[in-house]
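Colleague: Chains as they are written, first to last, in the working numbering: chain A, 265 to 570; chain B, 38 to 311. Backbone N, C-alpha and C fix where the C-beta goes; we use that ideal spot for every residue, glycine too. Keep in mind the model is a prediction, meaning the values are calculated, not measured. Once you've had a glance at the structure underneath, I'll fire off some questions.
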C-alpha cells in the first residue's frame, strides 16, 4: 500500500475550524492506536530484554533486565531451530502451492471459455471467510489415518494411507495444505484483478503474430503479472509465518514439535509458562522475519523499476 | 473463428474439479453433522447420512449451551464493528478531506505500522488490560479493535472521492465541521462503511488468539474458543464436532454470500499496489 502523491494543499495549515475538527475526529482512533498499539509495541521491546515471568506477574519488582539473554538463549534452544525449520517448510511448500493454485484458478476463471464465473469465484473464495478453528477441526477428521476422507480417496487411486497428523514429516505438510486451502482464494481474487488490468490489445497483437496459448502466457501474462505475484507472495509468506490455530487445534504442536509454529511457541512461552520476556523475544524474531520478507520484495521491486 | 469443444470442456472441467475439491471439506462438514453418531467414521466412507438427524445440533444447543456462545460472539463482533466503524470513518475522513499540518507524515507513520504483526503487541497488551482489570471481559477484547490502520486507509481512499464543493457548500450554509461529517459525509460513505463493516465483523467473528488469551470463563467464550475447547473433550464425537463447526462457520459464510461483492471490493481495494 503506497500513499499516492497528496494534493498541493496537504501541508497547508487549513482554517482553524478545519484543523480543530480534524484532530477532534481523529482523536478516538489515534488515542486507541497510541494506547493499545504504540505503548505495547515499545513495552514489547523492553519486555524482551527482561526476565519477566510468573513471579513478575505477581509483583513487577521481581523483574530484572537481562539484556539480550532471551535472544541468545533462543539461538541455543534446539526447539527454536525446530520451529524455524517448520516455518521454512511451511513457506517453501506453501508459497509455490498457493501461487500455482491461485494463478491457475485465476487464469481459468478469467478465460473467455469459462462458464459460471461468479459461482466458481465464490466457491474458491469461501474458505477465506471460514473460521480457522472450525475448519481445522474439520480437517483433523479428514486427515484421520484410517477413516479420513483423504486417505480413503488416496486408496481409491491405489495409494497407501498416510499418517497425516501422526508422522512428524507429514504433519508439517498436512498443516501447510490446510493453510493453502484456506487462503488461496484470496490470492486468486487478487490475480483476477491483475489479469483484468492487462490490456486486451496485447493479446490481440500476440494472436496476429501467431503466438500460441503457452507463448502468450510466458511472454505476456506472466511478466505483466510480476508485481501481483510479488505482492501475493509476500502476503502468503507473512500469513504462513503466523500459523497458529491450525496446530493449536489439530496437533498441539506435535508430533515431536513438527508442527510448532513461531506463534504457537510464543503463545506457549507467554501464556502457558508465563515466560513473557522469552515470548517477547520470539515475537520479535517473527517481526524480523516479516521485515526481511517485505524488504526482499521491495528490493526486487526497485531492481525491476530501475 | 470457432473454438474447439475440447478446450471448452478442459477449461470448465478443470474449474469444476477444482471447485469440488475446494468445497469438499465444507460439504462434508455439513453432511457429517447430519449423520447419526458414528456414521461419519466408517469404512467405506459415507458421503450422505443414511438417515439425516438434527440430534447433534440439539445436544449442542441444550446440553452444551452453544446458543449462549453464539449470542456472545454475535454481540462481541457487532460491538467491535460498530465502534471501529465510527472511529475509523472519522479518522479516515479527516485524513482525506480536512487540512492540517503534518497530515501526510502522520498518515505515512500509520501505514508503516501495518508491518508490525499482532503477535508483537499481544503480550504487553495483555499486561495492560490486566492492569485495567479487563481480563475475562469483552471490554478487553474490544479495546484491541477500536481502530485499525486498514480501516482508516480504506475509508480515506473512498473519502478522497467526495467533492470538496459539497463540503464547502455546507460550510457556506454555516454548518459546523462535525455536523458536516455526520449529515453530509457519513451518508455518502455508506458503500464503504458496508464493505468495511462486513470485513470487520467477519474478522472479529473468526478471531481466535486474542479471545483465547483474554477470556478465562467458559460462559464468556466466543465460538472459535469454545469449539477449540470442545474439540479436546469430544474428539471421538465426530458428528457432534461437525455440527459445532457448522454453527461456527455458517453465519459468517452466509453474511459473505449475501454481501460478497462489497467484501471482495474491500480486500482488493486494500491491496492496491504500485
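What does DSSP give as the partner residue(s) for residue 314 of chain A in the beta ladder?
Modeller: Stepping through the first chain from its first residue, residue 314 of chain A is reached at position 50. Note: residue 314 of chain A sits in a beta bridge opposite A:329.
Colleague: Measuring straight from C-alpha to C-alpha, what distance separates residue 560 of chain A and residue 496 of chain A?
Modeller: Counting from 1 along the first chain, the entry for residue 560 of chain A is found at position 296. Counting from 1 along the first chain, the entry for residue 496 of chain A is found at position 232. Going from the Cα of residue 560 of chain A to the Cα of residue 496 of chain A covers about 13 Å.
Colleague: Helix, strand or coil: which one does DSSP assign to residue 156 of chain B?
Modeller: If you number the second chain from 1, residue 156 of chain B lands on position 119. Correct three-state label for residue 156 of chain B: helix.
Colleague: Under a Cβ-count criterion, where at least 16 other Cβ atoms within 10 Å of its own Cβ denotes burial, should residue 150 of chain B be classed as buried or exposed?
Modeller: As a working note, residue 150 of chain B is residue 113 in the second chain. So residue 150 of chain B ends up on the exposed side.
Colleague: Which term fits residue 319 of chain A, buried or exposed, when burial requires 16 or more other beta carbons within 10 angstroms of its beta carbon?
Modeller: The residue labelled residue 319 of chain A in the question sits at position 55 within the first chain. It counts as exposed.
Colleague: Check this for me: beta carbons of residue 114 of chain B and residue 292 of chain A, under 9 Å apart or not?
Modeller: As a first step, residue 114 of chain B is located in the second chain; it is residue number 77 there, counting from the start. As a first step, residue 292 of chain A is located in the first chain; it is residue number 28 there, counting from the start. Cβ distance not < 9 Å, so residue 114 of chain B and residue 292 of chain A don't count as in contact.
Colleague: Residues in its own chain within less than 8 Å of residue 302 of chain B by CB, not counting five upstream and five downstream?
Modeller: Position 265 of the second chain, counted from the start, is the residue given in the question as residue 302 of chain B. The residues are 232.
Colleague: Between which two residues does the alpha helix (DSSP H) harbouring residue 187 of chain B extend?
Modeller: The residue given as residue 187 of chain B occupies position 150 in the second chain. It spans 186 to 196 - the alpha helix (DSSP H) in which residue 187 of chain B sits, taken as one unbroken run.
Colleague: How would you list, in chain order, the residues of chain A whose beta-carbon sits under 7 Å from the beta-carbon of residue 250 of chain B?
Modeller: Position 213 of the second chain, counted from the first residue, corresponds to residue 250 of chain B. Correct list: 535.
Colleague: Using 9 Å as the limit for Cβ to Cβ distance, is residue 234 of chain B near chain A?
Modeller: Within the second chain, residue 234 of chain B is the residue found at index 197, counting from 1. For residue 234 of chain B, the answer is no, since every Cβ of chain A falls outside 9 Å of its Cβ.
Colleague: Examine chain A for any beta-carbon lying closer than 9 Å to the beta-carbon of residue 231 of chain B, and answer yes or no.
Modeller: If you number the second chain from 1, residue 231 of chain B lands on position 194. Chain A, which has no Cβ nearer than 9 Å to the Cβ of residue 231 of chain B, makes this no.
Colleague: With H, G and I counted as helix, E and B as strand and the rest as coil, what does DSSP make of residue 408 of chain A?
Modeller: Looking up residue 408 of chain A in the first chain gives position 144. Looking at residue 408 of chain A - three-state DSSP - the assignment turns out to be coil, as it is neither helix nor strand.
Colleague: Assuming residue 205 of chain B is part of the alpha helix (DSSP H), what are its boundary residues?
Modeller: For the purposes of this step, residue 205 of chain B is taken as the residue at position 168 of the second chain. 201 to 209 is the extent of the alpha helix (DSSP H) around residue 205 of chain B.
Colleague: For residue 251 of chain B versus residue 534 of chain A, is the C-beta spacing smaller than 9 Å?
Modeller: Within the second chain, residue 251 of chain B is the residue found at index 214, counting from 1. Within the first chain, residue 534 of chain A is the residue found at index 270, counting from 1. It is not a contact, given that the beta carbons lie outside the stated cut-off.
Colleague: Quick check: residue 522 of chain A and residue 404 of chain A, are their CB atoms within less than 9 Å of each other?
Modeller: The count along the first chain starts at 1 and reaches residue 522 of chain A at position 258. The count along the first chain starts at 1 and reaches residue 404 of chain A at position 140. Cβ atoms of residue 522 of chain A and residue 404 of chain A: not closer than 9 Å.
Colleague: Does the Cβ of residue 324 of chain A have 16 or more other Cβ atoms within 10 Å, making it buried, or fewer, making it exposed?
Modeller: To locate residue 324 of chain A, count along the first chain from 1; it is residue 60. Answer is exposed; the Cβ neighbour count stays below 16.
Colleague: Could you tell me whether the Cβ of residue 486 of chain A comes closer than 9 Å to any Cβ of chain B?
Modeller: Translated into the one-based positions of the first chain, residue 486 of chain A becomes position 222. Cβ-Cβ to chain B under 9 Å: no for residue 486 of chain A.
Colleague: Report the CB separation of residue 505 of chain A from residue 351 of chain A in whole angstroms; it is logged as a contact under 8 Å.
Modeller: As a working note, residue 505 of chain A is residue 241 in the first chain. As a working note, residue 351 of chain A is residue 87 in the first chain. Correct: roughly 6 Å between the Cβ atoms.
Colleague: Which chain B residues sit within Cβ distance under 8 Å of residue 282 of chain A?
Modeller: In the first chain, counting from the first residue as 1, residue 282 of chain A sits at position 18. By Cβ distance, chain B contributes 135, 136, 137, 214.
Colleague: When the Cα of residue 411 of chain A is compared with those of B:71, B:84, B:45, B:125, which residue comes out closest?
Modeller: As a first step, residue 411 of chain A is located in the first chain; it is residue number 147 there, counting from the start. Out of B:71, B:84, B:45, B:125, B:84 has the C-alpha closest to the C-alpha of residue 411 of chain A.
Colleague: Strictly under 9 Å for the Cβ-Cβ distance: is residue 505 of chain A near chain B by that measure?
Modeller: In the first chain, counting from the first residue as 1, residue 505 of chain A sits at position 241. Closer than 9 Å to some Cβ of chain B, the Cβ of residue 505 of chain A qualifies, so yes.
Colleague: What are the uninterrupted segments assigned as alpha helix (DSSP H) that are 4 or more residues long and contained completely in the segment 212 to 271 of chain B, given in chain order?
Modeller: Taking only runs of at least 4 residues, the alpha helix (DSSP H) segments lying wholly in the segment 212 to 271 of chain B are 214 to 217, 227 to 243, 246 to 251, 260 to 270.
Colleague: Roughly how many whole angstroms lie between the Cα atoms of residue 109 of chain B and residue 257 of chain B?
Modeller: Here residue 109 of chain B is taken as the residue at index 72 of the second chain, counted from 1. Here residue 257 of chain B is taken as the residue at index 220 of the second chain, counted from 1. Roughly 7 Å between the two C-alpha positions.
Colleague: In or out: residue 102 of chain B buried (at least 16 other Cβ within 10 Å) or exposed?
Modeller: Counted from its first residue, the second chain places residue 102 of chain B at position 65. Label assigned to residue 102 of chain B: exposed.
Colleague: Below 7 Å CB to CB, which residues in the same chain sit around residue 458 of chain A once its five sequence neighbours on both sides are set aside?
Modeller: Numbered from its first residue, the first chain carries residue 458 of chain A at position 194. Hits under 7 Å: 489, 492.
Colleague: Grab me the residues of residue 74 of chain B's own chain with a C-beta within less than 8 Å of its C-beta, minus the 5 sequence neighbours each way, in chain order.
Modeller: Mapped onto the second chain, residue 74 of chain B falls at position 37. Same-chain partners within the cutoff: 92, 93, 274, 276, 277.
Colleague: Kindly list the residues whose CB is nearer than 7 Å to the CB of residue 509 of chain A, restricted to its own chain and excluding five residues on each side of it in sequence; keep chain order.
Modeller: In the first chain, counting from the first residue as 1, residue 509 of chain A sits at position 245. Closer than 7 Å at the Cβ level, and outside the excluded window around residue 509 of chain A, lie 396, 397, 400.
Colleague: By how many angstroms is the C-alpha of residue 322 of chain A removed from the C-alpha of residue 446 of chain A?
Modeller: What you label residue 446 of chain A is simply residue 182 of the first chain in a count that begins at 1. What you label residue 322 of chain A is simply residue 58 of the first chain in a count that begins at 1. In a straight line, the C-alpha of residue 446 of chain A is about 40 Å away from that of residue 322 of chain A.
Colleague: Do residue 62 of chain B and residue 391 of chain A come within 9 Å of each other at the CB atom, strictly closer than that value?
Modeller: One-based indexing of the first chain puts residue 391 of chain A at position 127. One-based indexing of the second chain puts residue 62 of chain B at position 25. Taking 9 Å as the Cβ cut-off, residue 391 of chain A and residue 62 of chain B qualify as a contacting pair.
Colleague: So the candidates are B:47, B:56, B:67; which of them puts its Cα closest to the Cα of residue 286 of chain B?
Modeller: The count along the second chain starts at 1 and reaches residue 286 of chain B at position 249. The shortest Cα separation from residue 286 of chain B among B:47, B:56, B:67 belongs to B:67.
Colleague: Closer than 8 Å is the cut-off here; do at least three beta carbon pairs connect the segment 366 to 375 of chain A with the segment 415 to 431 of chain A?
Modeller: No, the segment 366 to 375 of chain A does not touch the segment 415 to 431 of chain A.
Colleague: Please classify residue 362 of chain A: is it buried, with 16 or more other beta-carbons within 10 angstroms of its beta-carbon, or exposed?
Modeller: Within the first chain, numbered from 1, the residue matching residue 362 of chain A stands at position 98. Buried, since its Cβ has 16 or more Cβ neighbours within 10 Å.
Colleague: Is the segment 535 to 547 of chain A in contact with the segment 448 to 457 of chain A, if contact means three or more CB pairs nearer than 8 Å?
Modeller: At 8 Å Cβ cutoff, the stretches do not touch.
Colleague: Can the beta-carbon of residue 529 of chain A be found less than 9 Å from the beta-carbon of residue 502 of chain A?
Modeller: Along the first chain, read from residue 1 onward, the residue named residue 529 of chain A stands at position 265. Along the first chain, read from residue 1 onward, the residue named residue 502 of chain A stands at position 238. No, the pair does not count as a contact, with Cβ atoms beyond the cut-off.
Colleague: Using a Cβ-Cβ cut-off of less than 7 Å, give me the residues of the segment 157 to 180 of chain B that come near chain A, in sequence order.
Modeller: Listed by position along the chain: 157, 158, 160, 161, 162, 165, 180.
Colleague: For residue 62 of chain B, which of helix, strand or coil comes out of DSSP?
Modeller: Stepping through the second chain from its first residue, residue 62 of chain B is reached at position 25. DSSP places residue 62 of chain B in helix when its eight states are reduced to three.
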